[in-house]
Structure formats: structure tokens, C-alpha cells
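Trainee:
Chains as they are written, first to last, in this note's numbering: chain A, 1 to 246; chain B, 1 to 277.
1. Within the same chain, show all residues whose beta-carbon is closer than 6 Å to that of residue 4(B), passing over the 5 residues directly before and after it, in chain order.
2. Using only CA atoms, which one of 134(A), 117(A), 242(A) lies nearest to residue 91(A)?
3. Whole angstroms is fine: what's the gap from residue 64(A)'s alpha carbon to residue 197(B)'s?
4. Cα separation between residue 1(A) and residue 75(A)?
5. Could you tell me which of 227(A), 128(A), 145(A), 160(A) sits nearest to residue 175(A), measuring between CA atoms?
6. Would you tell me roughly how many angstroms separate the C-alpha atoms of residue 205(B) and residue 29(B), rounded to the nearest one?
7. By Cβ distance below 7 Å, which residues in the same chain neighbour residue 115(B) in space, the five residues on each side in sequence not counted?
8. DSSP three-state label for residue 201(B), please.
9. Name, going along the chain, the residues of the segment 106–118 of chain B whose beta-carbon falls closer than 9 Å to a beta-carbon of chain A.
10. What first and last residue would you give for the alpha helix (DSSP H) that runs through residue 174(A)?
11. Using CA atoms only, rank isn't needed, just tell me which of 168(B), 240(B), 36(B) is closest to residue 80(B).
12. Which of the three DSSP states is assigned to residue 230(B) in this structure?
13. For residue 248(B) and residue 254(B), I'd like the C-alpha separation in whole angstroms.
14. Taking CB distances under 8 Å as the criterion, tell me whether residue 153(B) reaches chain A.
15. Tell me which same chain residues have a C-beta within less than 7 Å of the C-beta of residue 214(A), skipping the five on either side of it?
16. Near residue 18(A), which residues of its chain fall below 6 Å by C-beta distance, leaving aside the five closest residues on each side in sequence?
17. Does the segment 52–59 of chain A come within contact of the segment 219–229 of chain A, defined as at least 3 CB pairs closer than 8 Å?
18. So which residues of chain B does residue 150(A) contact, with C-beta pairs closer than 7 Å?
19. Would you check if the segment 182–199 of chain B and the segment 217–226 of chain B touch, i.e. whether three or more CB-CB distances between them fall below 8 Å?
20. Could you tell me whether the Cβ of residue 86(B) comes closer than 8 Å to any Cβ of chain A?
21. Answer yes or no: do residue 99(B) and residue 157(B) have a C-beta to C-beta separation smaller than 8 Å?
22. Report back the beta-carbon spacing between residue 222(B) and residue 264(B) to the nearest angstrom; my notes put them in contact at under 8 Å.
23. Span of the beta strand (DSSP E) holding residue 218(B)?
24. What is the rounded straight-line gap between the Cα of residue 9(B) and the Cα of residue 199(B)?
25. Checking the sheet assignment: what are the DSSP bridge partners for residue 20(B)?
26. Run down chain A in chain order and give the residues with a C-beta less than 7 Å from the C-beta of residue 69(B).
27. Against residue 168(A), what residues of chain B qualify as contacts under a CB-to-CB distance less than 7 Å, listed in chain order?
28. Ends of the alpha helix (DSSP H) at residue 60(B)?
29. What residues in the segment 14–32 of chain B bring their beta carbon closer than 7 Å to a beta carbon of chain A?
30. What residues from chain B crowd round residue 45(A), counting only those whose CB sits closer than 9 Å?
31. So with CB distances below 9 Å, who are the chain A contacts of residue 150(B)?
32. Which residue wins for smallest C-alpha separation from residue 127(B), given the options 145(B), 146(B), 106(B), 147(B)?
33. Out of 232(B), 256(B), 83(B), 138(B), which has the shortest C-alpha to C-alpha gap to residue 50(B)?
34. Applying the criterion that 16 or more other CB atoms from any shown protein chain within 10 Å of the CB defines a buried residue, is residue 31(A) buried or exposed?
35. Let me know the secondary structure DSSP gives residue 151(B) once reduced to three states.
36. Does any residue of chain E bring its CB to less than 8 Å from the CB of residue 226(B)?
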């Protein structure tokens, strides 16, 4: 109850400061629209069905991209954590791929994978991969060596040590990576849409910004993206609480 | 070793442990560390052997060799007829720290060896619960290790080591972190468990009193690189009480063990009147 009250209070304060800035600054709507202007534009976009159409496309990309990226990253993280050889061979490529801006890669991936949903899911998965893979690797390595020795003395196979000790020990760190990853997935979806898509919140931003000069609509898209990020973050948090509850 | 009365009434159970001129050397960033050199020991099947010596003399290293967790570079160890293999069921090991898995309940911790061996869930729950009852921890079955006292944690660790009923049980100072009173109780209970279900025992300790209460033979170890300086037989009837010092034979053994330790171990074990420099 108190958590919800605190969140609502902070939201009210944020809107109040925004409102104050527009009143004091007296900016035109195409620079900084007031909250009520954005809300009214949002209501129209919802009523016409446009907002949902774009949001649904982005949500699909985020869910698929995050799922594919997270599963691949956890698998890779386990392999990286367990084998020094694998880490030495693969980590330079993983780090290098992370250092290359996804913004530059997205158009290329769009061409390679046929410009459809698949290309956007791959961009999303790529951006999610790094933090989750690294978190998993670090988590796997944080397993207590004394417990590992105890398990070996009981005849545990390496796979049993992974499932009974290393993965459970790594879970808190893995969830840290998942939290970072899920917010990045939203960015990945927008970047992928900019590289080539006809529908999605990233596309809506482009239309509003460059096509229609409709800054309130752009704010509607931005707020929707922010809410999407918050909701997914909250979902990961809820799963984390459930899994890690004592 | 001369056969004692207690050994004659007890049939040979468990597997004997033999170490023949065992040498272990660790490679460290700053060169090598020789932990064991020329360690020989004969622990007959069903006997209770206590290894005694100060910290760093390689006692724990030797137990890891017997458990098959570490292969000696030199010499050979046999459990029964064959060299030890980690986790093959011949040897159980209780560590100095309880080493319980923190996110598992006491029951799940004790059932872990059965789980690893693929025993069905119902069966292992039942056996783990029976094992907990034997060490007086049935009421704590659902608790996590963090909710247990140090003594309860060690009892759970002992139950875990015993649940597969290994013919050889290695105990690496399992009670050293407990207060003196608790420790006396635990030693008495350990003796009872062993008399009820005899098996070959190897216990590592610093305590001469504990050694005399529990041991058929006391193996006195040298400082690193560790070896067995001498094996002192303890021929006293069982069950033995914690306080044996009134017994002339016990006093004799204690004096012998202490003088052996003082002879090989520099200088902390000698009277302060002697200059250490």
C-alpha cells in the first residue's frame, strides 16, 4: 500500500514540475507540450486505435527479442562461467559486438534477415544478450567452492553441480542482468523499427517527429515506451521475488 | 597392532584404509607447498583412528586424499582393496564447516546424497527424516541452515554424511567450532553412533582428550610436510566417558601423545620456560 502511495506521489510531483515548466517557460506545443495537451493527444490516439496498433507491434518485438536473447545469454553465460577456454575464445567477440553501436548494425541486420519481424527480434535479442550473459557468467563463478567440493565428495556429476549449486547461486546476479536487459529490449525494439519497419512505437515517433511535426503525439509514444519499460521491469521483479523468496 | 578386547568382540566391518608413503605437493603462485611426505597409516576395517597434530600439518589434505578428492603425486592409498574414487559411496566425509546448502531445508540438505544418486523423492524424504531423527534434528527438518545453531548445523552435516551408510567415515574436526560442553556431548554421541553402527572411522582433531575418548589408535602427525610420526594404541573399554584422565592407562597415552607432539612440533607446544629462539 505504502509503495503504491509513494509511486503515485512521485508521479504527481513529476507531472506538476512538467506542468510548471510549460507554464513558466510558455513554450509552444511543438517544443514542449503541457501534460494535458499530451494526455488529450493520447486519448485521441487511443480512440482511433493508432496507439494500440503501434504498441502491439513493439510489445511483440520486445517479448520475443527479450526471450530469445535472455535464453541464449543464460546458456552462453553458463558455458562462459564454467569453461575458461570458452571464455578466452568467445569473450573478445562478445565484447567487440557490444562495443559496435547497435544503431549501426540494425540496418544491416534488416537487410540480412529480410526486413521483417525476425530482423527486429534479432536486434532486440542482441542488445539484451550482453548484460545477461555477463551477469550469468559472474554469477556461475560466484558459487562457493567449498560447497562444490562437498558435492564432489558426494559423487555429484559436473551437470549436477551446475543444476544443484552453480545456477541457484547465480540466480540473484542473473536477475540483475535480466532487469538491465529487459529495459534495453525496449530500446532495441525502437532502434530496429527505425532501421526498417512500417509499424511500432519507434515508427510512430518518426511519423510524429518528422512527418507530422506532431510533438504531442511523439510525447505520447515516449510515455508509452517508458510505461512499457516499467511494466516489463516490474514483471521481471515479480518473477525474481517469487523465485528468490526464502 | 595388538588386538584389544573391544576389537575382538566387534566383528570387522567397513573397509580398511591403508596409506603407503603418500606425498602431496601443491603448486602455488609462489612455488610449491609440500603438504604430505611419506605418510603411512594402517586403519583396520571397523577401527576408530584419530589423527592429531596442530594446524597446517596436512591432516585435512590427507582426508581429501582418502576421500578421492585429491590424488597423491607419490605413494598410494587404498580403501578396502582399491584406490579411493570421490563419491563412489565407500567413503563419507564431514567437513570442519558444515557446508550445508543455504537455500535448502535441513531435510533437503540431508537428502542431497540420495538425490544425487537418483533415489526417488518419497524414499529419500523418508530416509532423510529417519537420519535426522537419529541426530535429534527431526523438529528442524523444515528449517534453513541459517536458522540452525552451529551445533545443529554440524549434526545435520553428520546426518548427511551417514545417510548413504558409507563403510568409511572421515571427520575433519567436525566439532572444533563448538563450545566445550556441546563438544563433549557430541563426542559421546559420535561414539554411540559408531558402536551402534560400526564402520571405519578417521577423525582429525587437535584435542588429546577427544582422541583418547574416541580412538582405537592415535596417529600423531609431524608438521608440514605431514607424516605419521607414531601410532599410539588406546586399549580402553568402551563406551568411554569424556573424562578419562583418572584412568592410569589413559594418562599414560595422553603423556605419550603430548610428548610426541612436543618433540616434532616447534615451539608453541613446548613450555614457555624454554627459549623459542
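The C-beta atom is built at its ideal place from N, Cα and C for all residues, glycine as well.
Mentor: Answer, in terms of the structure:
1. Residue mapping note: residue 4(B) aligns to position 4 of the second chain, counting from 1. For residue 4(B), the pLDDT reaches just 44, beneath the cut-off of 50, and the residue's location in the model is therefore unreliable, leaving the point undetermined.
2. One-based indexing of the first chain puts residue 91(A) at position 91. Residue 134(A) is the option with its Cα nearest to residue 91(A).
3. If you number the first chain from 1, residue 64(A) lands on position 64. If you number the second chain from 1, residue 197(B) lands on position 197. One C-alpha to the other measures close to 58 Å.
4. Counting from one through the first chain, the residue named residue 1(A) turns up at place 1. Counting from one through the first chain, the residue named residue 75(A) turns up at place 75. So the two alpha carbons sit approximately 38 Å from each other.
5. Translated into the one-based positions of the first chain, residue 175(A) becomes position 175. Among 227(A), 128(A), 145(A), 160(A), the Cα nearest to that of residue 175(A) is on 128(A).
6. Your numbering for residue 205(B) matches position 205 in the second chain. Your numbering for residue 29(B) matches position 29 in the second chain. Rounded to the nearest angstrom, the two C-alpha atoms are 29 Å apart.
7. In the second chain, residue 115(B) corresponds to position 115, counting from 1. Contacts found: 124.
8. Start at 1 with the first residue of the second chain, and residue 201(B) comes out as number 201. Note: residue 201(B) maps to strand in three-state DSSP.
9. 112, 113, 115, 116, 117
10. Stepping through the first chain from its first residue, residue 174(A) is reached at position 174. Here the alpha helix (DSSP H) through residue 174(A) covers 167–195.
11. To locate residue 80(B), count along the second chain from 1; it is residue 80. Checking every option, the nearest Cα to that of residue 80(B) belongs to 168(B).
12. Taking the second chain and counting its residues from 1, the one referred to as residue 230(B) is at position 230. Here residue 230(B) sits in strand by DSSP.
13. For the purposes of this step, residue 248(B) is taken as the residue at position 248 of the second chain. For the purposes of this step, residue 254(B) is taken as the residue at position 254 of the second chain. Distance between the alpha carbons of residue 248(B) and residue 254(B) is about 10 Å.
14. Locating residue 153(B) in the second chain gives position 153, where the first residue counts as 1. Not one chain A Cβ lies under 8 Å of residue 153(B).
15. Sequence index remark: in the first chain, residue 214(A) carries index 214 (1-based). Only 208 meet the Cβ criterion.
16. In the first chain, counting from the first residue as 1, residue 18(A) sits at position 18. Excluding positions up to five away in sequence, the list reads 35.
17. yes
18. In the first chain, residue 150(A) corresponds to position 150, counting from 1. Per Cβ cutoff of 7 Å: 95, 99.
19. no
20. To locate residue 86(B), count along the second chain from 1; it is residue 86. Chain A contact via Cβ: present.
21. One-based indexing of the second chain puts residue 99(B) at position 99. One-based indexing of the second chain puts residue 157(B) at position 157. For residue 99(B) and residue 157(B), yes; Cβs fall inside 8 Å.
22. Counted from its first residue, the second chain places residue 222(B) at position 222. Counted from its first residue, the second chain places residue 264(B) at position 264. Yes, residue 222(B) and residue 264(B) are in contact; Cβ-Cβ is about 5 Å, under 8 Å.
23. Counting from one through the second chain, the residue named residue 218(B) turns up at place 218. Looking at the DSSP string, the run of the beta strand (DSSP E) that includes residue 218(B) is 217–221.
24. Here residue 9(B) refers to the residue found at position 9 when the second chain is read from its first residue. Here residue 199(B) refers to the residue found at position 199 when the second chain is read from its first residue. Interpretation of residue 9(B) is limited by its pLDDT of 45, a score under 50 that renders its predicted location unreliable; the figure taken from the coordinates is listed afterwards. Going by the C-alpha atoms only, they are around 14 Å apart.
25. Indexing the second chain from 1 puts residue 20(B) at position 20. DSSP output for residue 20(B) lists 76(B) as bridge partner(s).
26. On the second chain, residue 69(B) is found 69 positions in, with the first residue counted as 1. Those are 149, 152, 153, listed as they occur along chain A.
27. One-based indexing of the first chain puts residue 168(A) at position 168. In chain order: 103.
28. Your numbering for residue 60(B) matches position 60 in the second chain. 59–66 is the span of the alpha helix (DSSP H), which, as asked, contains residue 60(B).
29. none
30. On the first chain, residue 45(A) is found 45 positions in, with the first residue counted as 1. Residues of chain B passing the Cβ test: none, with the nearest at roughly 47 Å.
31. For the purposes of this step, residue 150(B) is identified with residue 150 of the second chain, where counting begins at 1. Those do not exist, as residue 150(B) stays about 16 Å from chain A at its closest Cβ, beyond 9 Å.
32. As a position in the second chain, residue 127(B) is number 127, starting the count at 1. Here the closest residue by C-alpha is 106(B).
33. Numbered from its first residue, the second chain carries residue 50(B) at position 50. Per the Cα distances, 232(B).
34. Indexing the first chain from 1 puts residue 31(A) at position 31. Exposed, because fewer than 16 other Cβ atoms sit within 10 Å of the Cβ of residue 31(A).
35. The residue you call residue 151(B) lines up with position 151 of the second chain. If DSSP states are grouped into helix, strand and coil, residue 151(B) belongs with the helices.
36. Annotation note: the requested chain E is absent from the structure, which comprises protein chains A and B.
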